[in-house]
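Let me begin by presenting the structure, written as structure tokens, before commenting on it.
Printed below as a string of structure tokens:
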């Protein structure tokens, strides 16, 4: 999980949203239920953050989950193999710990 995620809201649909002051972005993370569960993080707008618990955000979360690290909003993943060098730097900046 991202350390210091502010105003975090968690959905029962395997995603959550919050604000990361470390990278100055609103984020949506999806939970990947694999051998070892991990999260993928995506950039969202403040308006999307405020729409938490809406059908539109549920649809967006599902789309991001399905596209994985191929979506242009993809910031980084807790699974290091899914990141490029730039994403690994952002992951470190966001104070991700496992």
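Numbering (this note's numbering), first residue to last: -4 to 93.
Backbone N, C-alpha and C fix where the C-beta goes; we use that ideal spot for every residue, glycine too.
All values reported here derive from a predicted model rather than from experimental measurement.
In this structure residue 43 is buried. Its beta-carbon is surrounded by 16 or more other beta-carbon atoms within 10 angstroms. Note on residue 78: 16 or more other CB atoms within 10 angstroms of its CB, so buried under the neighbour-count rule.
Put simply, of 75, 73 and 58 the residue whose alpha carbon is nearest the alpha carbon of residue 67 is 58.
Taking the Cα positions, residue 88 is about 15 angstroms away from residue 35. Per the DSSP secondary-structure output, residue 34 pairs in a beta bridge with 26. In the assembly as shown, residue 22 is a buried residue. Its beta-carbon has 16 or more other beta-carbons within 10 Å. For residue 86, same chain residues with a beta-carbon under 7 angstroms away, outside a window of 5 residues either side, are 71 and 78 in chain order.
When rounded, the separation of the alpha-carbon atoms in residue 11 and residue 80 is 25 angstroms.
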